[in-house]
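Protein chains in written order, with full-length UniProt numbering: chain A, 1 to 346; chain B, 1 to 346.
Think of the CB as a built atom: it goes at the ideal place given N, C-alpha and C, for glycine as much as any other residue.
Right, one structure below, let's go through it.
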DNA sequence: TTGTAGGCGTTATCAT
DNA sequence: ATGATAACGCCTACAA
């Protein structure tokens, strides 16, 4: 029984003097098959070391039970949380998750999309890269009726389910909070505005300023890629130009940390002299000194929701789908970096 | 040309009055095909919206160009770094990466392994879960000659390439450093010792103590799952039992942070009263107060190495392979939590 | 409840 | 340089 070649359903069939279809049915728990034969077949399959060739089955059925996930970067807390959530649901529903990172590179993103399509994934979950401004590579999926769900970095122009964060609201509340703490000249270090999330955060900021009757100095708004070095550059520019800033709202925690470190070096005290806030609630933001006030995004939950919507769409391909945009609530985490005159609660 | 059904190489062949094999060859850049026909075929394929059915090709060739990755948890900086490194190499070599998390659950790990096998992944990269003490689910791959590479949490009993960290050496140097800082009664909060990495860290600790002529009190060694709550529990027990501890070596940064927070609450000063060290260099450890001294593991690089070894093995299945264990050097990161009488360099 | 037969799209072998 | 043909392992009408 230790054959070299792989055991197939035909081998089992031959051994039992039955037909391959019966074997196939039994192994797939088709109710037509009697309990007796099913058991018999199972037993022999086991003994013969049978391993279903999912590849052949997929080819035949044109389904792969695979979900493709495209993210800018795997190694980033928010994204890995989302992936973890996706995997959680996908696994429980019998799906495999295939992940690629675009590294915020448009070319790579395009190639990944093509590869996933050619691999006939059953559906795709995407968060687009910073450089992505055209979308043919994603429209491909829609044309061929392959379900597509966006999370976080969604695309307005494409009609699909979207799981996003209330960036506008989050930014609005951040700004309002800063204003309530007495800030008047608030700077904003944002991300590239071709990404809706950063545009929304900026708009939330502007709206809150307006509603409070505060003027926004355009020079106090800087956009960059929000990496560590960008943060340092931005804060340096900001401080060179204008020394009267009393608060900075950074579009992510990395930049907020860069700002804090840089300002500390200048002898500027946080929060006493300048208030700082971030966005995303990276794990480190809780434990810095001062701890960084930020906005919590429910990454794991978003991943779960995205996977649920996607799988539902996969299972109901026929139905006309009313696409929904799930706006996940954000939570304002007020910590030390944004509170004046408060006991250190840490 | 807007057919409902997918365009196949046969459609292209029919359209051009040539054979499907020629089309197949042309599309695969087989040198036998003349430049002229190749171009012609490419053009038509494009116009007809042809998408290669990788599924069919995989089925035929028995290769999937897919690497399976099994990790305890995706959403953990070290692991997501490794995954990122794997993806980096895999992508550049034309492989797709399929990832699943075991959540440190043995049952899930087993099921994942089966699924990956049935999906005929070309190779697997694994870091086993905390509960994993038997290995049939992994031996399956070896029996069927499917390359398997371990990283970090490897298995002694299985003969395969392994990318591990110098846990023993790292722990030894941690301990030596603590001793040099004047510590004499050093506690160790370690992980489950069925995992070699934690056993090694413990052994490194013990060896360094011995070499320094220090006695180790067994009551000062606690093993648990190293999650946040476990850390708090462990440090509480430690402090209840014995108040004369002057240093704690934690087997990960999460536990080190738990310890620091708990000790701070007791009014104990770090590093003045008790030195604390962690392991792994989680991003947060750099920015806590005090910053946490720890051991850096090159996650991304490990992922790259693992993928390289695996792919090499996939491409050389015939050859007898001399399995190697790559022990990646660790870097001791001395920060504030372990240095007495030093200027705050932060 | 089980069997028969055909085909999914591609590649590989052999022939021309 | 190109064509004809078979085969990969499985599923699914349809038949019995």
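Spatial neighbours of residue i in its chain, beta-carbon cut-off 8 angstroms, leaving aside the 5 residues before and after
i: residue 343 of chain A; result: The predicted position of residue 343 of chain A is uncertain, since its pLDDT is 49 and thus under 50; no value can be drawn from it.
i: residue 122 of chain B; result: 63, 64, 65, 66, 67, 95, 146, 147 and 314
i: residue 52 of chain B; result: 27
i: residue 32 of chain B; result: 25
i: residue 144 of chain B; result: 117
i: residue 241 of chain B; result: 219
i: residue 214 of chain B; result: 179, 184 and 186
Integer Cβ distance of residue i from residue j, believed to fall under 8 angstroms
i: residue 59 of chain B; j: residue 5 of chain A; result: Rounded, the Cβ-Cβ distance is 16 angstroms, inconsistent with contact.
i: residue 291 of chain A; j: residue 335 of chain A; result: 4 angstroms
i: residue 183 of chain B; j: residue 247 of chain B; result: 4 angstroms
i: residue 72 of chain B; j: residue 29 of chain B; result: About 41 angstroms separates the two Cβ atoms, so there is no contact after all.
i: residue 276 of chain B; j: residue 337 of chain B; result: 5 angstroms
i: residue 99 of chain B; j: residue 126 of chain B; result: Contact flag wrong, Cβ pair sits at about 11 angstroms.
i: residue 323 of chain A; j: residue 160 of chain A; result: 6 angstroms
i: residue 120 of chain A; j: residue 54 of chain B; result: 7 angstroms
i: residue 263 of chain A; j: residue 221 of chain A; result: 18 angstroms between Cβ atoms; not a contact.
Residue of the options minimising C-alpha distance to residue i
i: residue 109 of chain A; options: A/46, A/329, A/129 and A/340; result: A/129
i: residue 228 of chain A; options: A/48, A/86, A/87 and A/253; result: A/253
i: residue 209 of chain A; options: A/180, A/234, A/226 and A/191; result: A/180
i: residue 140 of chain A; options: A/289, A/124 and A/207; result: A/124
i: residue 132 of chain A; options: A/54, A/326 and A/192; result: A/192
i: residue 223 of chain B; options: B/91, B/216, B/70 and B/194; result: B/194
i: residue 320 of chain B; options: B/312, B/304 and B/326; result: B/312
i: residue 375 of chain B; options: B/317, B/323, B/329 and B/303; result: The structure shown does not extend to residue 375 of chain B, since chain B is modelled only from 1 through 346, so no value can be given for it.
i: residue 231 of chain A; options: A/33, A/44, A/189 and A/166; result: A/189
i: residue 293 of chain A; options: A/119, A/268 and A/333; result: A/333
i: residue 93 of chain A; options: A/325, A/309 and A/327; result: A/309
i: residue 326 of chain B; options: B/167, B/177 and B/202; result: B/167
i: residue 348 of chain A; options: A/256, A/265 and A/46; result: The requested residue 348 of chain A does not occur in the structure, where chain A is confined to residues 1 to 346.
Neighbourhood of residue i by C-beta distance below 6 angstroms, restricted to the same chain and skipping five residues each side
i: residue 345 of chain A; result: Low local confidence applies: a pLDDT of 47 at residue 345 of chain A is under 50, so the model's placement there is unreliable, and no value is given.
i: residue 13 of chain B; result: 19, 20 and 23
i: residue 331 of chain B; result: 296
i: residue 212 of chain B; result: 179
i: residue 90 of chain B; result: 67, 97 and 307
i: residue 340 of chain B; result: 181 and 271
i: residue 299 of chain A; result: 78, 81 and 82
i: residue 2 of chain A; result: With a pLDDT of only 36 at residue 2 of chain A, under the threshold of 50, the placement of this residue in the model should not be trusted; the figure read from the coordinates follows. So the list is empty, once near-sequence residues are dropped.
i: residue 8 of chain B; result: none
Contact set for residue i: own chain, Cβ-Cβ below 7 angstroms, skip 5 residues either direction
i: residue 154 of chain A; result: 162, 164 and 196
i: residue 199 of chain A; result: 193
i: residue 216 of chain B; result: 206 and 209
i: residue 44 of chain A; result: 12, 15 and 16
Residues sharing a beta bridge with residue i, DSSP
i: residue 148 of chain B; result: B/124
i: residue 186 of chain B; result: B/247
i: residue 294 of chain B; result: B/333
i: residue 101 of chain B; result: B/71
i: residue 327 of chain B; result: B/164
i: residue 223 of chain B; result: B/190
i: residue 277 of chain A; result: A/249 and A/293
i: residue 37 of chain A; result: DSSP, once it has assigned bridges, lists no residue as partnering residue 37 of chain A.
i: residue 96 of chain B; result: B/66
Closer than 7 angstroms to chain B by CB, residue i
i: residue 54 of chain A; result: yes
i: residue 31 of chain A; result: no
i: residue 255 of chain A; result: no
i: residue 227 of chain A; result: no
i: residue 98 of chain A; result: yes
i: residue 335 of chain A; result: no
i: residue 344 of chain A; result: For residue 344 of chain A, the predicted structure reports a pLDDT of 46, less than 50, and the residue's modelled location is therefore unreliable. The matter cannot be settled from this model.
i: residue 158 of chain A; result: no
i: residue 105 of chain A; result: no
i: residue 72 of chain A; result: no
i: residue 284 of chain A; result: yes
i: residue 83 of chain A; result: yes
CB contact check: residue i to chain A, cutoff 7 angstroms
i: residue 87 of chain B; result: yes
i: residue 289 of chain B; result: yes
i: residue 292 of chain B; result: no
i: residue 304 of chain B; result: no
i: residue 58 of chain B; result: yes
i: residue 141 of chain B; result: no
i: residue 181 of chain B; result: no
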